[in-house]
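Undergrad:
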Amino acid sequence: MTNQIYLIKTAFLKALAHPTRLQILEILCRGESSVGQFAQVLGVDQPTVSRHLGILKQGGVVAARQEGLSVLYKIQNEAMTEFLQKLTELLKRKLQVDQEILKGVEK
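Take -5 as the starting number for the sequence shown in this note's numbering and just add one per residue.
And the structure:
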């Protein structure tokens, strides 16, 4: 692979690299949502949600559509849902390994 593809991958992963953005994506795995709905569920203000959604949209991770006065957001590509599930599996395995290592150190 050329350096260009690694730059693209890095930009994509940077768009995901924030706890609030990951929470937004997990909410979107269940269906479309608006800025106000995200703000209420996440307990953050709407400008903060909008900023994070802008980063996700710029990264090609989410898409937006107008419905009346609201803008609804959705995951751009359904493979993102699978990606998040795999990420959770990887982290669970890592935590299991870390716990096993810790048990070995404590003995």
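Every residue, glycine too, gets a C-beta built ideally from N, C-alpha and C.
1. Figure out for me which residue from Leu10, Lys3, Glu94 has the closest Cα to the Cα of Arg45.
2. Tell me which same chain residues have a C-beta within less than 6 Å of the C-beta of Thr75, skipping the five on either side of it?
3. Hey, Gly48 and Gln70 are a contact pair by Cβ (cut 8 Å); roughly how many whole angstroms apart?
4. Under 8 Å by Cβ, that's how I've got Leu19 and Leu78 pegged, so tell me the actual separation to the nearest angstrom.
5. Provide the residue span of the beta strand (DSSP E) that contains Glu61, from first to last.
6. Does DSSP classify Val29 as helix, strand or coil?
TA: Quick look at the numbers:
1. Looking at Leu10, Lys3, Glu94, the one whose alpha-carbon comes closest to that of Arg45 is Leu10.
2. Leaving aside the five residues that flank Thr75 on each side, the residues in its chain whose CB is nearer than 6 Å to its CB run, in chain order, Cys23.
3. The Cβ separation is near 14 Å, so there is no contact.
4. So it is a contact: roughly 6 Å between Cβ atoms.
5. In this chain, the beta strand (DSSP E) harbouring Glu61 covers 56 to 61.
6. Secondary structure at Val29: helix, using DSSP grouped into helix, strand and coil.
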